[in-house]
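**Student:** According to the UniProt record's numbering, the sequence shown holds residues 1 to 535 in order. Where is the CB? At the ideal position from N, CA and C, for every residue including glycine. Got a structure here, written out as structure tokens. Questions coming.
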Amino acid sequence: MGKTIEKIAIEKGHEISFKISSNNKNDINNINPANTDIAIEFSVPEIAPKNLITLINNKIPVVCGTTAWLDKWDAVEEAVIAQNVGFIYASNFSIGVNIFFSLNSYLSKMLSKVSGYDAAIEEIHHLQKVDAPSGTAISLAHGIIKNHQNYDKWHLKGSEESDGLEINALRKANVPGTHTVKWENDIDTIEIKHTAKSRLGFASGAVLAAEWLKEEILAASRIEDVVEDFLNLKRRGVNMIGLCPFHDEKTPSFTVSPSKNIYKCFGCGKAGNPVSFIMEHEGSSYPEALKYLANKYNIAIEEKEYTPEDLKEKQLVDSYFLINDFAKQHFENNLFNTDEGKNIGLSYLKSRGIRETTIKKFNLGYSLQSGRDLTTTAKAKLYNVDLLKDLGLTNKSDYDFFRERVMFTIHNVSGKAIGFGGRTLKKEKTIPKYINSIESEIYNKRRTLYGLHFAKSSIRKEDECILVEGYTDVISLSQGGIENVVASSGTSLTKEQILLIKRYTPNITIVYDGDAAGIKAALRGMDLILEQDMN
1 MGKTIEKIAI EKGHEISFKI SSNNKNDINN INPANTDIAI EFSVPEIAPK
51 NLITLINNKI PVVCGTTAWL DKWDAVEEAV IAQNVGFIYA SNFSIGVNIF
101 FSLNSYLSKM LSKVSGYDAA IEEIHHLQKV DAPSGTAISL AHGIIKNHQN
151 YDKWHLKGSE ESDGLEINAL RKANVPGTHT VKWENDIDTI EIKHTAKSRL
201 GFASGAVLAA EWLKEEILAA SRIEDVVEDF LNLKRRGVNM IGLCPFHDEK
251 TPSFTVSPSK NIYKCFGCGK AGNPVSFIME HEGSSYPEAL KYLANKYNIA
301 IEEKEYTPED LKEKQLVDSY FLINDFAKQH FENNLFNTDE GKNIGLSYLK
351 SRGIRETTIK KFNLGYSLQS GRDLTTTAKA KLYNVDLLKD LGLTNKSDYD
401 FFRERVMFTI HNVSGKAIGF GGRTLKKEKT IPKYINSIES EIYNKRRTLY
451 GLHFAKSSIR KEDECILVEG YTDVISLSQG GIENVVASSG TSLTKEQILL
501 IKRYTPNITI VYDGDAAGIK AALRGMDLIL EQDMN
């Protein structure tokens, strides 16, 4: 593999500053970082972690294709974070294999909605392949585990373990690598396969990754664009200034230089580029910061292989977003397409002067009187009804939490549905006027502002946030052309919500009801705002 990578790199105009093999493995300690832009590590599992840490401690970015060393991942990640150095790991850099990974994930997701199919993975590798199963097979397994609810772990065929997804790892002479994923039931078999004809695809992908790591993200990332996701900046000459997010200050000392693509705070001394800003501001590791920027600029990036526990947790969070999206669409359908929804919910909203375009923009809906409407529909569409219970949408008896209520979808900053508020139209004093979703892994009331997803751009543009009491206040003002408005619906104004606003502007205008309760809440809110040195 090393010779193939070297050949491709030279053909593409790169210089090889050093080569390490079993014959001179100790020379890695004598590397001159000044002569090296990036390293490509393809060795064996026993020495890969040591090589990686040595390179990273010399502040040399690394692309690694060696597999079967991930039990040492934490030590390598710690070095990456400490040295602030770029690092990409992939179980297989072949473009064809990565397309195969995507097909595998897509197929797994599709078959998660169909019962009866069992999955299995088979790989065939050359006799010199040390690890079994290979990193590629493990990545395929993780793709299935992430996207199919029937699998939460894998095992190697012939091992003592027998639960979960089976991987059959075969070794034969002169075989670059073949991987097959098979789904089978009593009716048919679905099979996808990738066969490598040479190592050229793997090596070419590794060189591309090295080129990308060195140039792509920083070339695409504009410091002012990245910083303005979190801060309000104002132009001052050729630079931009704002309040430093890393220390408390009243006079702006945080300076952004678009021409140099860097930032520097002259108060606390923090400085760096777009990657280091995300690391510092979000508490991210270097790989996490790269991923943030890659997502922001729609650049593909390889991630570490997650443990089954990591994948299970991520899959659960993804499932919560999915089930909330289902509930959102269900409530919307009730509002527009059922007699009860149209006669009660839609009539009420229109009586408040809310137009249909606004209703659809804010994903408003209606929950029916029927006690098990949501559960029945979820079952019919093959959703996991236990997720409804987890999010408080139903109780242990599958009885709907929201019934006969106009529904307000609560979004996070990126626009995903994380919870709901429900308003009753009944007059009985024993029935609470509003009820809200319970807190969950994706919904924290203290850290959520209703309408912020729709308002954030306008808040930054106007350099002001208008804070109101309820859902309909936000909706009515937005419909009237006032977009920079949010509400702390469902909870009293919190410090966390104020700090969320501070990302976009230091200026808040409170517009609460003029009754005693509204005045009291406004005065309390003013105290919290002033404590954060905001206006």
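If you draw a straight line from the C-alpha of Glu356 to the C-alpha of Glu340, how long is it?
**Tutor:** In a straight line, the C-alpha of Glu356 is about 17 angstroms away from that of Glu340.
**Student:** Could you please give me the residues that DSSP links to Asn436 through a beta bridge?
**Tutor:** Bridge partners of Asn436: Gly421.
**Student:** Tell me whether His453 sits in a helix, a strand or coil according to DSSP, three-state version.
**Tutor:** Helix.
**Student:** Just to confirm, are Asn363 and Glu332 a CB contact at a threshold of 8 angstroms?
**Tutor:** Their beta carbons are under 8 angstroms apart, which means Asn363 touches Glu332 by this criterion.
**Student:** Just to confirm the assignment, what range does the beta strand (DSSP E) spanning Trp183 have?
**Tutor:** Here the beta strand (DSSP E) through Trp183 covers Gly177 to Glu184.
**Student:** Is it a yes or a no for the stretch 452-463 touching the stretch 498-510, going by three-plus beta-carbon pairs under 8 angstroms?
**Tutor:** Judged by Cβ distances under 8 angstroms, the stretch 452-463 makes contact with the stretch 498-510, as three or more pairs qualify.
**Student:** Out of Glu78, Gln128 and His14, which one is the CA nearest neighbour of Val44?
**Tutor:** Looking at the Cα atoms, Gln128 is the closest of the given residues.
**Student:** Can you name the residues that DSSP bridges to Leu467?
**Tutor:** Looking at the DSSP assignment, Leu467 forms a beta bridge with Val486 and Ile510.
**Student:** Out of Ala517, Asp37, Tyr399 and Arg447, which has the shortest C-alpha to C-alpha gap to Val207?
**Tutor:** Comparing Cα-Cα distances from Val207 to each of Ala517, Asp37, Tyr399 and Arg447, the minimum goes to Asp37.
**Student:** For the alpha helix (DSSP H) that Ser367 lies in, which residues bound it at each end?
**Tutor:** Taken as a continuous stretch (DSSP letters only), Ser367 belongs to no alpha helix (DSSP H), being part of the beta strand (DSSP E) at Gly365 to Ser367.
**Student:** In terms of residue numbering, what span does the beta strand (DSSP E) encompassing Thr409 cover?
**Tutor:** Segment Arg405 to His411, the beta strand (DSSP E) holding Thr409.
**Student:** Figure out for me which residue from Ile144, Ala137, Ile138 and Pro61 has the closest Cα to the Cα of Asp118.
**Tutor:** Residue Ile144 is the option with its Cα nearest to Asp118.
**Student:** State buried or exposed for Ser347, treating a residue as buried only when at least 16 other CB atoms are found within 10 Å of its CB.
**Tutor:** Exposed, because fewer than 16 other Cβ atoms sit within 10 Å of the Cβ of Ser347.
**Student:** How far does the alpha helix (DSSP H) with Met110 in it reach, from first residue to last?
**Tutor:** Where Met110 is concerned, the enclosing alpha helix (DSSP H) stretches over Ile95 to Leu111.
**Student:** Measure from the alpha carbon of Leu316 to the alpha carbon of each residue in Val63, Phe401 and Asn147, then state which is nearest.
**Tutor:** Of Val63, Phe401 and Asn147, the residue nearest in Cα terms is Asn147.
**Student:** With a Cβ-Cβ cutoff of 8 angstroms, do Val76 and Thr136 count as a contact?
**Tutor:** No, the pair does not count as a contact, with Cβ atoms beyond the cut-off.
**Student:** Taking 8 angstroms as the limit between beta carbons, can you name the residues of its chain near Thr509, skipping five residues before and five after?
**Tutor:** Excluding sequence neighbours, Thr509 sits near Glu464, Cys465, Ile466 and Leu467.
**Student:** Cα separation between Asn273 and Asp533?
**Tutor:** In a straight line, the C-alpha of Asn273 is about 27 angstroms away from that of Asp533.
**Student:** Does the distance from the CB of Gly470 to the CB of Ser458 come in under 8 angstroms?
**Tutor:** No, Cβ-Cβ distance for Gly470 and Ser458 is not below 8 angstroms.
**Student:** Can you tell me whether DSSP reads Trp154 as helix, strand or coil?
**Tutor:** The answer is strand: DSSP assigns Trp154 an E or B state.
**Student:** Have a look at Ile262 and Pro252 and give me their C-alpha separation to the nearest angstrom.
**Tutor:** Their Cα atoms are separated by approximately 16 angstroms.
**Student:** Please state whether DSSP places Gly371 in a helix, a strand or coil.
**Tutor:** Three-state result, Gly371: coil.
**Student:** Three or more beta-carbon pairs under 8 angstroms between the stretch 432-448 and the stretch 395-411, yes or no?
**Tutor:** With the cut-off at 8 angstroms, the stretch 432-448 and the stretch 395-411 touch.
**Student:** Below 8 angstroms, can you find three or more Cβ-Cβ pairs linking the stretch 179-190 to the stretch 98-109?
**Tutor:** Touching, per the Cβ criterion.
**Student:** Tell me which residue opens and which closes the alpha helix (DSSP H) that Ala141 is part of.
**Tutor:** Note, Ala141: alpha helix (DSSP H), Gly135 to Asn147.
**Student:** What residue does the alpha helix (DSSP H) around His281 start on, and which one ends it?
**Tutor:** Counting along the chain, the alpha helix (DSSP H) containing His281 begins and ends at Pro274 to Glu282.
**Student:** Shortest alpha-carbon distance to Lys445 belongs to which of Leu500, Ser476 and Glu483?
**Tutor:** Ranking Leu500, Ser476 and Glu483 by Cα distance to Lys445 puts Leu500 first.
**Student:** Quickly, what does DSSP pair Tyr263 with across the bridge? List them, please.
**Tutor:** Note: Tyr263 sits in a beta bridge opposite Val256 and Gly272.
**Student:** For Phe93, collect the residues of the same chain with a Cβ closer than 7 angstroms to its Cβ; drop the 5 residues on either side in sequence, then sort them by chain order.
**Tutor:** Here the set comprises Gly65, Phe202, Gly205, Ala206 and Ala209.
**Student:** Can you give me the C-alpha to C-alpha distance between Arg352 and Gly480, rounded to a whole angstrom?
**Tutor:** So the two alpha carbons sit approximately 13 angstroms from each other.
**Student:** According to DSSP, is Lys7 part of a helix, a strand, or is it coil?
**Tutor:** Reduced to three states, the DSSP call for Lys7 is helix.
**Student:** Are the Cβ atoms of Ile56 and Phe87 separated by less than 8 angstroms?
**Tutor:** Yes, the Cβ-Cβ distance between Ile56 and Phe87 is below 8 angstroms.
**Student:** Looking at Ile410: is its Cβ nearer than 8 angstroms to the Cβ of Tyr450?
**Tutor:** Against a cut-off of 8 angstroms, the Cβ pair of Tyr450 and Ile410 comes out as a contact.
**Student:** Shortest alpha-carbon distance to Asn322 belongs to which of Leu70, Ile442, Val80 and Ser159?
**Tutor:** Note that residue 322 is Leu in the sequence shown, not Asn. If we check each option's Cα against that of Leu322, Ile442 comes out closest.
**Student:** By Cβ distance, which residues of its chain are closer than 6 angstroms to Glu302, with the 5 residues on each side in sequence left out?
**Tutor:** Annotation note: pLDDT 47 at Glu302 (below 50); position unreliable, coordinate value reported separately. Counting only Cβ-Cβ distances below 6 angstroms, and skipping sequence neighbours, we find Ile88 and Ala90.
**Student:** Compute the beta-carbon to beta-carbon distance between Gly242 and Phe254, rounded to the nearest angstrom, for a pair I have assumed lies under 8 angstroms.
**Tutor:** Right, their Cβ atoms sit about 5 angstroms apart.
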